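Okay, so here's the structure we're looking at.
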Amino acid sequence: GAGVSQSPSNKVTEKGKDVELRCDPISGHTALYWYRQRLGQGLEFLIYFQGNSAPDKSGLPSDRFSAERTGESVSTLTIQRTQQEDSAVYLCASSLSPNKEAFFGQGTRLTVV
Amino acid sequence: KQEVTQIPAALSVPEGENLVLNCSFTDSAIYNLQWFRQDPGKGLTSLLLIQSSQREQTSGRLNASLDKSSGRSTLYIAASQPGDSATYLCAADNYGQNFVFGPGTRLSVLP
Chain S
9 GAGVSQSPSN KVTEKGKDVE LRCDPISGHT ALYWYRQRLG QGLEFLIYFQ
59 GNSAPDKSGL PSDRFSAERT GESVSTLTIQ RTQQEDSAVY LCASSLSPNK
109 EAFFGQGTRL TVV
Chain Z
96 KQEVTQIPAA LSVPEGENLV LNCSFTDSAI YNLQWFRQDP GKGLTSLLLI
146 QSSQREQTSG RLNASLDKSS GRSTLYIAAS QPGDSATYLC AADNYGQNFV
196 FGPGTRLSVL P
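Chains S and Z, in that order, give the protein sequences. For what it's worth, this note's numbering labels the leading residue of the first sequence as 9, then goes sequentially. For what it's worth, this note's numbering labels the leading residue of the second sequence as 96, then goes sequentially.
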């Protein structure tokens, strides 16, 4: 595709529900990143995928968070039993390979009520 | 672990001024450093990527420099315009994997 696509753009969910966020990277990009940005805060790294290597999950804040990526295509970030503190913009980025220019999607704004 | 800081946190200048944004990182063993802009409520737009072997990159009115030994990068914006108003973020790679972001500099260019 022309750019990194994320869906949905906005999601409002009730506390305790599970949510799934989707990221479509730029075609051919082997590296994919998820970040979280709380209101007025900086970007927090969540997880990194590179090709078929084991993902770097070191940024996931709790075991309620998980992510998958099939090959070098779509990735989904799942948050189970959502909490109000999970409210944030979730940003996905991809790059042709590690250490190359990263391109970001427009993000998914998650609001937990 | 890589840590990135940016100064100033906010900057307000009249249109036409040249300005410099600063970024510092703690681990000099980086592969690259990237500058982004973020508009309110939007995602990040890539501005410039500097590889570790490079000292600077230019794109239009933007010039970014990199000094690995001192752990610093600067973004120079020439002849600023109101459309340049945004938050500017620098990001250094973390051992060649994910990027670590600074807190950003919020720039306002007044007409």
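Note that CB positions come from ideal geometry on N, CA and C, so glycine has one too. Since this is a predicted model, take the numbers as computed values, not measurements.
Selected residue, minimal CA-CA separation from residue i, among the options
i	options	result
Z/S180	Z/L161, Z/L114, Z/T100	Z/L114
Z/Y171	Z/D134, Z/L142, Z/P135	Z/L142
Z/S175	Z/N158, Z/C185, Z/D188, Z/S147	Z/N158
S/L85	S/S105, S/Q58, S/P106, S/T116	S/T116
Z/K137	S/A75, S/A96, S/S74	S/A96
Z/F120	Z/S107, Z/R156, Z/L144, Z/F196	Z/F196
S/G67	Z/P206, Z/N189, Z/T100	Z/N189
Z/G166	Z/G199, Z/W130, Z/N117	Z/N117
Z/F131	Z/P206, Z/V108, Z/L184	Z/L184
Z/E151	Z/N127, Z/P198, Z/Q133, Z/E110	Z/N127
Z/E112	Z/P198, Z/A173, Z/Q146	Z/A173
S/G48	Z/K96, Z/A124, Z/R201	Z/R201
S/C100	S/G59, S/A75, S/T21	S/A75
Within chain S, partners of residue i - CB distance below 8 Å
i	result
Z/G199	G50
Z/Y171	None at all; the shortest Cβ gap to chain S is about 19 Å.
Cα-Cα separation between residue i and residue j, rounded to whole angstroms
i	j	result
Z/D122	S/S70	27 Å
S/P63	Z/E98	21 Å
S/S105	Z/S148	17 Å
Z/T169	S/V27	39 Å
S/T38	S/V82	11 Å
S/E80	S/K23	32 Å
S/K19	Z/S164	44 Å
Z/S154	Z/L139	17 Å
Z/S203	S/S61	42 Å
S/Y41	S/Y56	5 Å
S/R77	S/S103	15 Å
Z/A124	Z/A187	10 Å
S/Q45	S/D94	10 Å
S/S35	S/G50	28 Å
S/V120	S/P16	14 Å
S/C31	Z/F194	18 Å
Z/L161	S/K25	45 Å
S/Q91	Z/R156	44 Å
Z/T182	Z/D134	6 Å
Z/L205	S/I87	41 Å
Z/I102	Z/V108	15 Å
S/N107	S/T21	35 Å
Endpoints, the beta strand (DSSP E) within which residue i is located
i	result
S/I34	Taken as a continuous stretch (DSSP letters only), S/I34 belongs to no beta strand (DSSP E), as it is neither H nor E.
Z/D162	157-162
S/K19	18-21
Z/P109	105-109
S/R117	116-120
Z/N117	114-120
Z/Q129	127-133
S/L47	From DSSP, S/L47 is part of no beta strand (DSSP E); its letter is neither H nor E.
Z/L202	200-205
S/S13	13-15
Z/S123	Per DSSP, Z/S123 belongs to no beta strand (DSSP E) and is neither H nor E.
S/S102	96-103
Chain Z contact residues for residue i, given Cβ-Cβ distances below 8 Å
i	result
S/E109	Q129, S141, L144
S/L99	G138, L139
Within chain S, the residues that residue i reaches when beta carbons sit closer than 7 Å
i	result
Z/K137	Q114
Z/Y183	None at all; the shortest Cβ gap to chain S is about 12 Å.
Z/D215	Look at the range of chain Z in this structure, 96 to 206, and you will see that residue 215 of chain Z is not part of it.
Listed by chain order, chain Z residues near residue i by CB distance under 7 Å
i	result
S/D64	Q192, N193
S/F73	Residues of chain Z passing the Cβ test: none, with the nearest at roughly 15 Å.
Residue i Cβ short of 7 Å to the ligand MG heavy atom set
i	result
Z/N193	With respect to small molecules bound, the structure shown includes none, and the ligand MG cannot be examined in it.
Interface partners of residue i on chain S, CB under 9 Å
i	result
Z/F120	Per Cβ cutoff of 9 Å: no residues; Z/F120 is ~14 Å from chain S at best.
*If we count Cβ pairs, one from each stretch, closer than 8 Å, do we get three or more for the segment 99-113 of chain S versus the segment 11-18 of chain S?*
yes
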